[in-house]
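Data first, discussion second: the structure below is written as structure tokens.
Protein chains: 2
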Amino acid sequence: MAAEQDPEARAAARPLLTDLYQATMALGYWRAGRARDAAEFELFFRRCPFGGAFALAAGLRDYVQFLASVLPPDTDPAFFEHLRALDCSEVTVRALPEGSLAFPGVPLLQVSGPLLVVQLLETPLLCLVSYASLVATNAARLRLIAGPEKRLLEMGLRRAQGPDGGLTASTYSYLGGFDSSSNVLAGQLRGVPVAGTLAHSFVTSFSGSEVPPDPMLAPAAGEGPGVDLAAKAQVWLEQVCAHLGLGVQEPHPGERAAFVAYALAFPRAFQGLLDTYSVWRSGLPNFLAVALALGELGYRAVGVRLDSGDLLQQAQEIRKVFRAAAAQFQVPWLESVLIVVSNNIDEEALARLAQEGSEVNVIGIGTSVVTCPQQPSLGGVYKLVAVGGQPRMKLTEDPEKQTLPGSKAAFRLLGSDGSPLMDMLQLAEEPVPQAGQELRVWPPGAQEPCTVRPAQVEPLLRLCLQQGQLCEPLPSLAESRALAQLSLSRLSPEHRRLRSPAQYQVVLSERLQALVNSLCAGQSP
Amino acid sequence: MAAEQDPEARAAARPLLTDLYQATMALGYWRAGRARDAAEFELFFRRCPFGGAFALAAGLRDYVQFLASVLPPDTDPAFFEHLRALDCSEVTVRALPEGSLAFPGVPLLQVSGPLLVVQLLETPLLCLVSYASLVATNAARLRLIAGPEKRLLEMGLRRAQGPDGGLTASTYSYLGGFDSSSNVLAGQLRGVPVAGTLAHSFVTSFSGSEVPPDPMLAPAAGEGPGVDLAAKAQVWLEQVCAHLGLGVQEPHPGERAAFVAYALAFPRAFQGLLDTYSVWRSGLPNFLAVALALGELGYRAVGVRLDSGDLLQQAQEIRKVFRAAAAQFQVPWLESVLIVVSNNIDEEALARLAQEGSEVNVIGIGTSVVTCPQQPSLGGVYKLVAVGGQPRMKLTEDPEKQTLPGSKAAFRLLGSDGSPLMDMLQLAEEPVPQAGQELRVWPPGAQEPCTVRPAQVEPLLRLCLQQGQLCEPLPSLAESRALAQLSLSRLSPEHRRLRSPAQYQVVLSERLQALVNSLCAGQSP
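Protein chains in written order, with the working numbering: chain A, 2 to 526; chain B, 2 to 526.
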């Protein structure tokens with residue numbers, strides 16, 4: 002299991018990372034002689050985030066890692082002897098596979114085991130699942146807006162809510178549909194593809210008077226003598242400036258020196274950050290001079306980055322300059338140098354950058370994907386549904402905070418085109434619904450049932466941990482990412498659209514509805 | 002240093018937790034022979050968060066811990082030999098003390114040392130400082146709204162953006178003015194006072210038919226025989242129901258059993274969660290019955306919690322019931338049982354709960370303090386200001402993204418009443434401004450200077466690490482919390498108010514302004 006090699010996750014998912022009331026309640030259960038009562042909790046959310054109609058389930062690899070670790074270690078005497086012997090060996094978990102579509106009220110996790118133990122799991126499980134699912138969902142929205150072609154780079158580590166938030170964000174934004182992350186640790190620990198360019202400080206750190214210890218660069222083919230790249234770029238600069246109608250003194254010499262330094266270090270991966278001084282009078286001509294010098298040696302520059310101003314308009318203009326220069330200097334590959342943009346890009350800005358005809362290739366997103374500013378919390382909850390085989394329900398006077406009682410099964414009912422029609426919750430002991438069979442189901446709050454005849458029925462919850470043992474290997478992060486994209490592609494357009502979508506229904510079986518009614522009426526089931 | 006005993010911070014603040022471009026730039030510097038050039042960066046933000054006019058500086062204990070750890074470990078051959086030998090032994094850091102007021106453009110950190118090393122520090126320092134300062138500022142706003150009397154409990158771990166986000170949030174919301182946290186790990190590692198109540202699942206897990214293994218409770222004084230608490234509560238229930246005009250069958254027996262179980266476990270810290278079924282017909286009479294039974298044994302119940310509905314109105318009604326019951330049953334302490342409320346409390350809801358005459362005592366806040374939904378990122382930046390003793394500036398066509406060049410000193414200029422008038426940045430080599438002296442300073446974007454005669458002058462940046470060595474012990478978290486409250490109390494009301502405050506000015510000395518002008522004009526300084 003990959004997670005076992007992840008010291009970061011191990012450190013973060015520590016038993017003491019919990020709310021104090023879990024420990025006080027544990028003592029309460031124990032004093033009441035109920036610590037080992039069989040109990041079942043469900044983890045779910047009540048409303049889809051971001052005003053959409055779907056969420057992605059995520060966080061599996063983190064909470065499995067957490068559950069594999071032992072519970073409370075270094076504590077006090079007395080009842081703590083009981084705690085000391087605790088572990089998750091009697092805990093069973095069913096879960097929505099990572100990357101599945103998740104809807105309100107459908108459990109992302111069902112956790113059953115001794116009452117005291119599964120109560121203690123509340124806080125860490127909520128913490129590990131909610132943010133992971135929120136970020137994955139947020140990333141999926143951004144991918145839907147960007148379309149399949151644009152490359153999305155997550156670069157939010159510095160904006161994350163704590164270092165571990167950064168690691169979680171990088172992992173699950175990749176799962177949700179991003180292509181890569183700037184976060185090196187996410188690459189090392191989680192296998193997320195990493196990518197990066199250069200910062201303005203790299204550019205401003207050069208004045209142009211620096212003398213590199215070894216200015217020579219060998220040709221890409223490896224044959225022939227090395228060339229002084231800075232001198233070669235200076236020669237090209239004159240041609241570029243003449244072509245662009247600029248004075249050769251205009252481009253900043255420090256910026257050019259920085260580009261040369263970067264090209265010497267990465268001749269096969271040269272990128273230029275264009276907006277430290279002036280894109281048009283400095284960044285672009287300096288980039289072209291160094292790229293053309295590299296080209297003469299057989300290397301192809303890979304990209305330019307813009308971090309300020311009107312990104313779309315500049316990209317369109319820069320592409321025109323690339324095309325003209327490619328023709329002028331007869332270097333066809335220059336036409337297709339990647340244009341990378343960044344600078345507080347949110348959903349609205351992304352839609353503009355991804356529009357038809359946009360010349361932007363790679364979009365770097367930080368704050369908007371990592372902190373989920375539209376809604377920074379999923380609002381996951383973890384509720385007791387059964388104790389000792391008896392259903393439990395929080396009735397409360399606030400109807401939205403009522404819970405659905407009993408140990409349940411969940412199914413996705415699909416139409417003949419394979420798109421999900423609705424999810425159905427039923428009691429665990431009810432027979433599995435069959436494809437083609439007419440079902441009577443209760444939409445939430447309905448006065449009477451409706452009928453549905455699904456073309457296919459998919460069970461939603463997979464046995465993931467049984468009596469503390471992992472039942473099957475976790476899918477790789479890339480596999481979960483593929484599942485997310487497949488699931489989203491099957492979702493019908495009215496549920497998939499990001500603003501004012503049709504709400505996806507989660508319905509109850511007749512027997513589950515009857516149980517809810519009887520508990521609301523104060524009758525024992 | 003407390004942070005050294007903090008394995009969580011050690012694990013989170015890992016060298017590889019950085020953006021890839023830091024590593025590529027490092028290679029660029031190295032290849033250019035500039036890895037050891039003396040350089041200085043500043044970490045600051047450009048706009049105060051949440052529409053306010055101030056922020057609190059925080060994160061010191063985390064980044065000091067980070068800097069104490071070594072740089073890149075397990076990497077590749079070649080230039081990685083250079084990296085392998087790297088550490089922070091040549092890094093010097095000046096910082097705003099934790100809990101200080103921070104304003105846009107004033108460095109929270111000045112970091113100087115070898116170019117390659119201090120470049121590599123960008124991402125982790127931003128990550129560690131920005132969120133800490135954001136949360137501290139957010140908590141300070143909530144404290145200002147709540148006033149000094151209400152107790153504020155942070156309970157956002159389950160809503161945090163990753164487990165470490167939870168630890169950071171708990172630590173720095175305490176620094177910003179909260180009284181306690183539900184997060185046990187923050188208590189263990191950071192010394193934050195922890196507090197907690199009980200969850201609805203604890204209540205719903207009881208049906209009322211359970212038989213506790215030991216139902217007897219000894220009197221508080223320790224003398225005399227034990228009493229069957231459940232039976233005693235049942236007797237009190239009849240009196241309470243008669244007093245409240247309720248049928249004795251109305252209160253839920255499972256809820257009462259849960260309260261008894263909790264009281265048996267914590268007779269000196271009994272609290273009731275009132276809204277699992279019905280506050281008025283069940284939670285409150287059950288609480289009173291158990292509290293009065295405990296009272297007979299010499300124990301005082303400490304509180305009740307509400308988690309739904311109109312919290313203020315219910316608190317007012319509950320206090321009336323407590324007063325009436327205190328008189329009826331002659332138990333005066335019942336009047337002052339704490340009323341604890343929670344349920345998605347934001348700034349607006351908090352203002353209502355803290356209004357004159359409110360009977361609410363403790364306010365639990367989760368999502369709103371931890372995720373900072375009004376603005377989930379501070380937008381901290383880390384910019385190069387000098388290399389080899391020469392000032393550096395990012396000019397860029399976007400004026401907001403320009404930087405202030407040169408190694409600088411920062412001072413807070415105070416009025417005769419001790420309230421801060423403005424912060425002043427000047428070049429490091431300029432003489433320290435003197436109290437009572439007239440200064441000519443440049444407000445941002447001004448066409449001409451203005452004059453100010455401060456009654457006091459405070460230097461802002463303290464030497465914190467010199468050549469990799471900690472210069473003085475870090476203040477305790479409680480000391481930083483006290484500094485934050487003191488600093489906020491000195492801020493003038495027009496800068497302190499949370500909506501549409503007067504903007505606090507950060508001005509430049511004449512020489513610094515002249516340096517900016519000469520670099521903008523393209524002249525070497």
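Yeah, the Cβ is synthetic: ideal placement off N, Cα and C, and Gly gets one too.
Keep in mind it's a predicted model, so treat the numbers as computed, not measured.
Next on the checklist: Taking only three categories from DSSP, how would you classify methionine 2 of chain A?
Outcome noted: Confidence at methionine 2 of chain A is low in this model, with a pLDDT of 33, below 50, so the placement of that residue should be treated as unreliable; the coordinate-derived value is given next. Three-state DSSP puts methionine 2 of chain A in coil, outside helix and strand.
Next on the checklist: Looking at the strands, I want to know which residues DSSP matches up with methionine 425 of chain A.
Outcome noted: A:Phe412 and A:Val508
Checklist entry - Any idea what DSSP makes of serine 181 of chain B, helix, strand or coil? => result strand
Item to check | serine 490 of chain A classed as buried or exposed, judged by whether at least 16 other C-beta atoms fall within 10 angstroms | outcome: exposed
Item to check | C-alpha distance - glutamate 155 of chain A paired with glycine 255 of chain B, whole-angstrom precision | outcome: 49 angstroms
Next on the checklist: Looking only at its chain, what residues have a beta carbon closer than 6 angstroms to the beta carbon of histidine 253 of chain A, apart from the 5 residues adjacent to it on each side?
Outcome noted: Tyr278 and Ser283
Checklist entry - Which residues bound the beta strand (DSSP E) around threonine 452 of chain A? => result 451-453
Next on the checklist: Do valine 370 of chain B and valine 136 of chain B count as a contact pair if the criterion is CB distance below 9 angstroms?
Outcome noted: In terms of Cβ geometry, valine 136 of chain B and valine 370 of chain B form a close pair [threshold 9 angstroms].
Checklist entry - Are the beta-carbon atoms of glycine 167 of chain B and glycine 177 of chain B separated by less than 9 angstroms? => result no
Checklist entry - Run through DSSP, which three-state label would methionine 26 of chain B get? => result helix
Item to check | Unbroken beta strand (DSSP E) run spanning glutamate 41 of chain A, endpoints | outcome: 39-46
Item to check | Endpoints, the beta strand (DSSP E) within which glutamate 155 of chain B is located | outcome: 152-155
Checklist entry - Can you find at least 3 beta carbon pairs, one from the region 335-346 of chain A and one from the region 90-107 of chain A, that sit closer than 8 angstroms? => result no
Checklist entry - Since alanine 161 of chain B meets chain A, which of its residues come closer than 8 angstroms, beta carbon to beta carbon? => result Those are Cys128, Tyr132, Gln162, Gly163 and Gly166, listed as they occur along chain A.
Next on the checklist: Three Cβ pairs or more, each shorter than 8 angstroms: is that satisfied between the region 284-299 of chain A and the region 325-335 of chain A?
Outcome noted: yes
Checklist entry - In whole angstroms, what is the alpha-carbon distance linking glutamine 514 of chain B and tryptophan 443 of chain B? => result Roughly 7 angstroms between the two C-alpha positions.
Item to check | Exposure of aspartate 565 of chain A, with buried meaning 16 or more beta-carbon neighbours within 10 Å | outcome: Look at the range of chain A in this structure, 2 to 526, and you will see that residue 565 of chain A is not part of it.
Checklist entry - At least one CB of chain B closer than 9 angstroms to the CB of glutamine 6 of chain A: is that the case? => result Confidence is the limiting factor: at glutamine 6 of chain A the pLDDT is only 43, short of 50, which leaves the residue's position unreliable, though a coordinate-based value still follows. Chain B, which has no Cβ nearer than 9 angstroms to the Cβ of glutamine 6 of chain A, makes this no.
Next on the checklist: Taking CB distances under 9 angstroms as the criterion, tell me whether valine 342 of chain B reaches chain A.
Outcome noted: Valine 342 of chain B does not count as touching chain A.
Checklist entry - How many Å lie between arginine 463 of chain A and cysteine 521 of chain A at the Cα? => result 30 angstroms
Checklist entry - alanine 411 of chain B and valine 107 of chain B: beta carbons closer than 9 angstroms? => result Yes, these two residues count as a Cβ contact at 9 angstroms.
Next on the checklist: Here's the rule I'm using: 16 or more other beta-carbon atoms within 10 Å means buried, otherwise exposed. How should glycine 227 of chain B be labelled?
Outcome noted: exposed
Next on the checklist: Quick check: is the beta carbon of arginine 395 of chain B nearer than 9 angstroms to any beta carbon in chain A?
Outcome noted: The residue you asked about is not arginine; residue 395 of chain B is lysine in the sequence shown. Residue-level contact check: lysine 395 of chain B touches chain A, since one or more beta carbons of chain A fall below 9 angstroms from its beta carbon.
Checklist entry - Whole-angstrom Cβ separation of cysteine 465 of chain A and alanine 96 of chain A, contact assumed at under 8 angstroms? => result 4 angstroms
Next on the checklist: Quick test of your reading: proline 115 of chain B and alanine 33 of chain B, contact by CB under 8 angstroms. State the CB separation rounded to the nearest angstrom.
Outcome noted: Contact doesn't hold; Cβ gap of about 13 angstroms is too wide.
Item to check | Residues within the region 193-222 of chain B neighbouring chain A, beta-carbon criterion of under 9 angstroms | outcome: Val195, Ala196, Gly197, Thr198, Leu199, Ala200, His201, Ser202, Phe203, Val204, Thr205, Ser206, Phe207, Ser208, Glu211, Val212, Pro213, Pro214 and Asp215
Item to check | Cross-strand partners of isoleucine 364 of chain A (DSSP beta bridge) | outcome: Isoleucine 364 of chain A is bridged to A:Leu153 and A:Val342.
Item to check | Neighbour flag for phenylalanine 288 of chain B against chain A, beta carbons, 9 angstroms | outcome: no
Item to check | Assumed close pair leucine 426 of chain B, leucine 509 of chain B - CB separation to whole angstroms, cut-off 8 angstroms | outcome: 5 angstroms
Checklist entry - Going by beta carbon distance, what residues of the same chain come within less than 8 angstroms of arginine 482 of chain B, once the five residues before and after it are set aside? => result Gly100, Tyr175, Leu176, Gly177 and Gly178
Checklist entry - Between the C-alpha atoms of arginine 144 of chain B and serine 171 of chain B, what's the straight-line distance to the nearest angstrom? => result 15 angstroms
Checklist entry - chain A partners of glycine 34 of chain B, CB-CB under 7 angstroms? => result Chain A residues near glycine 34 of chain B: Pro213 and Pro214.
Item to check | Under 7 angstroms from the C-beta of alanine 266 of chain B: neighbouring residues of chain A | outcome: Leu28, Gly29 and Arg32
Item to check | One or two residues paired with serine 113 of chain A in a DSSP bridge | outcome: A:Glu41 and A:Thr93
Checklist entry - How would you label cysteine 242 of chain B, buried or exposed, when you count the other beta carbons within 10 angstroms and need 16 or more for buried? => result buried
Checklist entry - With 9 angstroms set as the bound, which would you pick, yes or no: does the beta-carbon of phenylalanine 179 of chain A sit closer than that to a beta-carbon of chain B? => result Closer than 9 angstroms: no.
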